[in-house]
Amino acid sequence: MKTIFNIIFLFILVAGLASAIEVNTTGNLIGSNSIVFQSLRYNPYPVTPGDYFEIWFRVINNGNSDLSNVKFSITETFPFSVYPGESKEQTFSSLAKGAEVNFKFKIKVDDKAVEKDESLKVLVNDGQTSREFPITIRSRSPTLSIISVSTQPERIQQGEKSKIIIKLKNDASTIMRNINAKLDISSTIFSPVYSVTEKNIRTLSPGEEATLEYDIIADPDADSKPYNIPFKLTYYDVLDNKLTSNETIGVIVESMPKIEILFEESKVYTKGDNGDIIVSVSNVGPTKVKFLTIELNPAKSYDILTASKIYLGDLEPDDFQTATFKIKTNSKDVNLNMSINYKNSLNEEFNKNTNIKVPIFSSSEAVSYGFKTAKTNIFSIIFYFLALMFVYYAYKEYRIHKELPISLKIALKRTLRIIIRFIGFFRPSNLRSLPYRIRRWMRDDK
């Protein structure tokens with residue numbers, strides 16, 4: 036009867052004390068030999084999935100006598116377990132009347148724990164009685180993260196439509212809702228194209244990803260360089276807490292350099308000529324190029340007579356420079372093997388190789404096109420003179436004999452005599468007497 040009375044009394048006492056229980060060493064709830072078991076605090080608060088926390092307890096012997104072998108143990112149920120290497124039990128071999136003792140457990144929170152209040156169960160004396168303590172679990176902030184940012188094309192070009200693609204992921208263990216994602220381009224060189232700069236996502240489950248696309252256009256006269264764009268996320272968790280994340284994303288505005296090498300002028304016209312070759316290098320792209328050099332590479336069809344590499348420096352859009360090389364042509368088919376090297380505004384290096392055909396003409400073509408003047412050839416003069424004399428003799432003899440074969444035969448003989456006399460004139464004896472003949476001729480002329 037006394038035992039029943041004590042049990043009823045203990046139930047009334049527990050109902051009045053929310054944070055304490057009384058037990059004896061045998062597990063019987065009695066009023067005389069009892070202990071008070073309380074939770075003091077846990078740290079950190081709130082706890083996070085995958086992390087650990089420490090929880091402190093207080094034990095008070097409120098009984099009328101000393102107690103022995105009082106044991107407290109943790110019940111490992113999801114999402115809580117004792118931290119590896121730590122003990123899951125605390126045993127007090129003796130607890131004097133009126134004594135007060137504090138102790139703690141180190142608890143691991145499972146990675147897959149969700150955001151809510153979970154109960155940590157503590158057994159007293161191997162389960163003779165137990166107590167559950169509420170533990171608040173919350174994910175780390177920010178729980179909504181940007182996992183990637185990309186653009187199409189990879190480099191945004193001035194004056195061209197582009198797309199910024201942002202991929203989000205819910206890293207929390209609970210659903211996120213009413214997500215607002217704002218790409219703030221109001222103070223940048225970008226403008227929206229047929230779209231808005233704010234996107235909304237109704238819900239995003241744990242581990243779920245979402246892709247946002249923003250259609251933009253860069254100003255036509257924008258400088259080629261990296262740009263930062265503010266990006267703001269606003270959303271709510273399951274407890275209706277408003278969360279905000281302010282990020283900055285980086286994009287690159289850079290049109291690919293466009294360089295053209297063109298044949299400009301030549302002072303070589305035929306095989307074997309040597310002279311200057313002039314080529315022009317033009318920047319036909321929208322972006323500036325720097326540290327521009329041009330090089331004429333060796334080839335069998337020509338010899339390089341001057342320096343093969345020329346530094347041209349910086350080249351603004353819609354501008355050009357010329358480079359002059361001196362060569363000697365070895366062929367009727369000449370292709371200049373040219374290479375250029377330069378950097379863009381981001382100091383990225385570019386190389387380009389090209390062949391430029393040089394027009395080469397025959398001697399007669401060069402004369403007919405006015406590139407060269409005809410040269411007087413003594414043998415041509417002699418040939419034309421002899422031909423003229425042959426025609427003259429043939430005509431003269433034909434008037435006499437009235438027979439063409441006879442006239443041609445006589446004309447040929449007389450023409451051959453002229454050739455023989457001309458050759459004989461250069462005999463050594465004639466050459467020795469040449470000064471005497473000239474003086475006599477001059478005296479006779481007087």
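Numbering (my numbering), first residue to last: 36 to 481. For every residue, glycine included, the Cβ atom is placed at its ideal position computed from N, Cα and C. Predicted, not measured: the structure shown is a model, and the values here were computed from it.
Backbone CA spacing between Y118 and K260 [nearest angstrom]: 51 Å
With a Cβ-Cβ cutoff of 7 Å, do Q192 and S290 count as a contact? yes
In chain order, what residues of the same chain lie with their CB nearer than 8 Å to the CB of K361, ignoring the 5 residues before and after it? N309, G310, D311, I312, I339, L340 and T341
Going by the CB atoms, is the gap between K293 and T364 shorter than 7 Å? no
Determine, using beta carbons only, whether S180 and K204 come nearer to each other than 7 Å. yes
To the nearest angstrom, how far is it from the Cα of D272 to the Cα of M211? 5 Å
One question on the structure: do E244 and K198 come within less than 7 Å of each other, judged by their Cβ atoms? no
Distance between beta carbons of A207 and I172, contact taken as under 8 Å: Their Cβ separation, rounded to whole angstroms, is 11 Å, which puts I172 and A207 out of contact at 8 Å.
When burial is assigned at 16 or more other CB atoms within 10 Å of the CB, is A488 buried or exposed? Shown here, the chain extends from 36 to 481; a query on residue 488 therefore has no answer.
Nonlocal neighbours in the same chain, by C-beta distance under 7 Å from N235, ignoring five residues either side: I214 and N215
Pairwise C-alpha distance: A422 and A446: 10 Å
Kindly confirm or deny that the segment 344-358 and the segment 387-402 touch, where touching means at least three C-beta pairs closer than 8 Å. no
Nonlocal neighbours in the same chain, by C-beta distance under 8 Å from E89, ignoring five residues either side: Y77, N78, K139, F140, K141 and I142
Helix, strand or coil for T110? Go by DSSP, reduced to three states. coil
For T408, I'd like the list of residues in its chain whose CB is within less than 8 Å of its CB, leaving aside the five on either flank, ordered along the chain. V402
Are there 16 or more other CB atoms within 10 angstroms of the CB of G320, so buried, or fewer, so exposed? buried
Residues bridged to Q125 (per DSSP): F107
By how many angstroms is the C-alpha of E299 removed from the C-alpha of I458? 51 Å
Alpha carbon to alpha carbon, how far is V49 from S69? Reliability of the predicted coordinates at V49 is poor, the pLDDT of 38 falling under 50, and no value is obtained from them.
Boundaries of the alpha helix (DSSP H) in which M373 is found, first to last residue: Taken as a continuous stretch (DSSP letters only), M373 belongs to no alpha helix (DSSP H), being part of the beta strand (DSSP E) at V369 to K378.
Since T279 contacts P241 with CB under 8 Å, what's their CB separation in whole angstroms? T279 to P241, Cβ: 20 Å. No contact.
Compute the Euclidean distance between the alpha carbons of G284 and I201, then round it to the nearest angstrom. According to the sequence provided, residue 284 is Ile. The question's Gly does not apply to it. So the alpha carbons of these two residues sit roughly 9 Å apart.
Report yes if the CB atom of P84 is closer than 7 Å to the CB atom of D152, and no otherwise. no
The alpha helix (DSSP H) that contains L423, what's its start and end? I413 to H436
So what's I201 in DSSP terms, helix, strand or just coil? strand
Nearest to T232 by CA position, among K437, L327 and L218, is which residue? L218
Sequence-distant residues of its chain with Cβ nearer than 6 Å to T178 (five each side left out): D206 and A207
Helix or strand or just coil, what does DSSP make of P463? helix
Inter-residue spacing [alpha-carbon to alpha-carbon] between G62 and L75: Residue confidence is low: G62 scores 37 on pLDDT, short of 50, so the model does not pin down where it sits. No coordinate-derived value is stated.
Within the segment 66-90, ranges of the beta strand (DSSP E) (whole runs, at least 3 residues): 70-78
DSSP-derived helix/strand/coil call for E400: helix
Reducing DSSP to helix, strand and coil, say where T209 ends up. coil
With 16 other CB atoms within 10 Å as the buried threshold, where does N379 fall? buried
Roughly how many angstroms lie between the CA atoms of V144 and S116, to the nearest whole one? 7 Å
Would DSSP call A446 helix, strand or coil? helix
Along the beta strand (DSSP E) that carries S315, what are the first and last residues, could you check? N309 to N318
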